[in-house]
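Numbering (our numbering), first residue to last: 15 to 129.
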(Lines of atoms letter the chains of each structure in order from A and count residues from 1; the text may use other names and numbers.)
(Lines give C-alpha, C1' and ligand atoms only; values in the text may rest on other atoms or scores of the structure.)
Protein backbone atom coordinates (compact mmCIF):
# COMPACT_ATOMS: atom_id res chain seq x y z
CA UNK A 1 0.00 0.00 0.00
CA UNK A 2 1.43 3.35 -1.05
CA UNK A 3 0.84 6.23 1.38
CA UNK A 4 0.94 9.78 0.03
CA UNK A 5 1.17 12.33 2.87
CA UNK A 6 0.57 16.05 2.31
CA UNK A 7 0.95 18.69 4.98
CA UNK A 8 -0.55 22.19 4.66
CA UNK A 9 -0.12 25.17 6.99
CA UNK A 10 1.19 22.93 9.75
CA UNK A 11 4.60 22.21 11.29
CA UNK A 12 4.84 18.43 11.64
CA UNK A 13 7.69 16.44 13.16
CA UNK A 14 9.09 13.14 11.92
CA UNK A 15 7.35 11.55 14.89
CA UNK A 16 3.96 12.59 13.50
CA UNK A 17 4.75 11.34 9.99
CA UNK A 18 5.82 8.01 11.48
CA UNK A 19 2.61 7.96 13.54
CA UNK A 20 0.55 8.47 10.37
CA UNK A 21 2.38 5.58 8.70
CA UNK A 22 1.94 3.24 11.70
CA UNK A 23 -1.74 4.09 12.20
CA UNK A 24 -2.51 3.69 8.50
CA UNK A 25 -0.82 0.31 8.25
CA UNK A 26 -2.39 -0.93 11.49
CA UNK A 27 -5.92 0.31 10.78
CA UNK A 28 -5.93 -0.94 7.18
CA UNK A 29 -3.86 -4.12 7.60
CA UNK A 30 -6.79 -6.47 6.96
CA UNK A 31 -7.59 -4.58 3.75
CA UNK A 32 -3.96 -4.22 2.59
CA UNK A 33 -4.47 -6.29 -0.56
CA UNK A 34 -7.54 -4.24 -1.53
CA UNK A 35 -6.28 -0.72 -0.77
CA UNK A 36 -4.29 0.36 -3.81
CA UNK A 37 -3.34 3.84 -2.58
CA UNK A 38 -3.83 6.03 0.45
CA UNK A 39 -3.78 9.83 0.36
CA UNK A 40 -3.53 11.62 3.71
CA UNK A 41 -3.67 15.40 4.16
CA UNK A 42 -2.92 17.14 7.45
CA UNK A 43 -3.97 20.78 7.78
CA UNK A 44 -4.36 23.50 10.38
CA UNK A 45 -7.77 25.00 9.55
CA UNK A 46 -7.57 28.10 11.78
CA UNK A 47 -3.87 28.80 11.62
CA UNK A 48 -2.58 30.86 14.53
CA UNK A 49 -6.02 31.35 16.08
CA UNK A 50 -5.85 27.88 17.68
CA UNK A 51 -8.76 25.76 18.82
CA UNK A 52 -10.07 22.47 17.49
CA UNK A 53 -8.58 22.96 14.08
CA UNK A 54 -6.15 20.17 13.20
CA UNK A 55 -7.68 18.22 10.33
CA UNK A 56 -6.73 14.82 8.97
CA UNK A 57 -8.36 13.86 5.68
CA UNK A 58 -7.71 10.34 4.38
CA UNK A 59 -8.76 8.88 1.03
CA UNK A 60 -8.36 5.19 0.28
CA UNK A 61 -8.39 4.01 -3.33
CA UNK A 62 -9.93 0.54 -3.31
CA UNK A 63 -9.68 -2.34 -5.73
CA UNK A 64 -13.15 -2.94 -7.16
CA UNK A 65 -14.94 -0.20 -5.21
CA UNK A 66 -15.10 3.60 -5.33
CA UNK A 67 -12.61 5.54 -3.21
CA UNK A 68 -13.60 6.33 0.36
CA UNK A 69 -12.75 9.65 2.04
CA UNK A 70 -13.06 10.50 5.72
CA UNK A 71 -12.00 13.52 7.74
CA UNK A 72 -11.45 14.19 11.40
CA UNK A 73 -10.93 17.46 13.26
CA UNK A 74 -9.32 17.66 16.70
CA UNK A 75 -7.12 19.82 18.94
CA UNK A 76 -4.04 17.69 18.23
CA UNK A 77 -2.76 16.23 14.98
CA UNK A 78 -2.23 12.84 16.64
CA UNK A 79 -5.85 12.61 17.82
CA UNK A 80 -7.17 13.74 14.42
CA UNK A 81 -5.06 11.05 12.72
CA UNK A 82 -6.21 8.33 15.14
CA UNK A 83 -9.89 9.18 14.71
CA UNK A 84 -9.62 9.48 10.91
CA UNK A 85 -8.11 6.02 10.56
CA UNK A 86 -10.70 4.49 12.91
CA UNK A 87 -13.41 5.97 10.69
CA UNK A 88 -11.68 4.92 7.48
CA UNK A 89 -11.32 1.33 8.68
CA UNK A 90 -15.02 1.14 9.61
CA UNK A 91 -16.06 2.76 6.31
CA UNK A 92 -14.03 0.31 4.24
CA UNK A 93 -15.42 -2.63 6.24
CA UNK A 94 -19.00 -1.43 5.60
CA UNK A 95 -18.31 -0.94 1.88
CA UNK A 96 -17.06 -4.50 1.48
CA UNK A 97 -19.97 -5.86 3.57
CA UNK A 98 -22.49 -4.03 1.36
CA UNK A 99 -20.81 -5.40 -1.75
CA UNK A 100 -21.04 -8.94 -0.36
CA UNK A 101 -24.70 -8.44 0.59
CA UNK A 102 -25.53 -7.24 -2.92
CA UNK A 103 -23.76 -10.19 -4.49
CA UNK A 104 -25.44 -12.76 -2.24
CA UNK A 105 -28.85 -11.10 -2.70
CA UNK A 106 -28.44 -11.41 -6.45
CA UNK A 107 -27.65 -15.11 -6.23
CA UNK A 108 -30.50 -15.95 -3.86
CA UNK A 109 -33.12 -14.47 -6.18
CA UNK A 110 -31.90 -16.52 -9.16
CA UNK A 111 -34.02 -19.59 -9.78
CA UNK A 112 -37.15 -18.44 -7.98
CA UNK A 113 -39.54 -18.52 -10.89
CA UNK A 114 -43.27 -18.43 -10.22
CA UNK A 115 -45.46 -20.48 -12.55
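Note that CB positions come from ideal geometry on N, CA and C, so glycine has one too.
This structure is a prediction, so every number in the text was calculated from the model and none was measured.
- In this structure, the alpha-carbon of residue 59 lies about 21 Å from that of residue 100.
- The C-alpha of residue 66 lies about 43 Å from the C-alpha of residue 118.
- Looking only at 68, 97, 86 and 44, the smallest Cα-Cα distance to residue 22 is reached by 68.
- When secondary structure is reduced to three states using DSSP, residue 41 falls in the helix class.
- Residues of the same chain with a CB within less than 6 Å of the CB of residue 71, apart from the 5 flanking positions on each side, are 55 and 85 in chain order.
- Of all C-beta pairs linking the region 45-52 to the region 28-36, fewer than three are shorter than 8 Å, placing the two stretches out of contact.
- Counted as a single uninterrupted DSSP element, the stretch harbouring residue 25 is not any beta strand (DSSP E), since DSSP gives it neither H nor E.
- Shortest Cα-Cα distance from residue 88 to any of 96, 39 and 81 involves 96.
- Residue 42 is classed as buried because its beta carbon has at least 16 other beta carbons within 10 Å across all chains shown.
- Annotation: residue 48 is outside any beta strand (DSSP E) and is labelled neither H nor E by DSSP.
- Counting the other CB atoms within 10 Å of its CB gives residue 108 a total below 16, which places it among the exposed residues.
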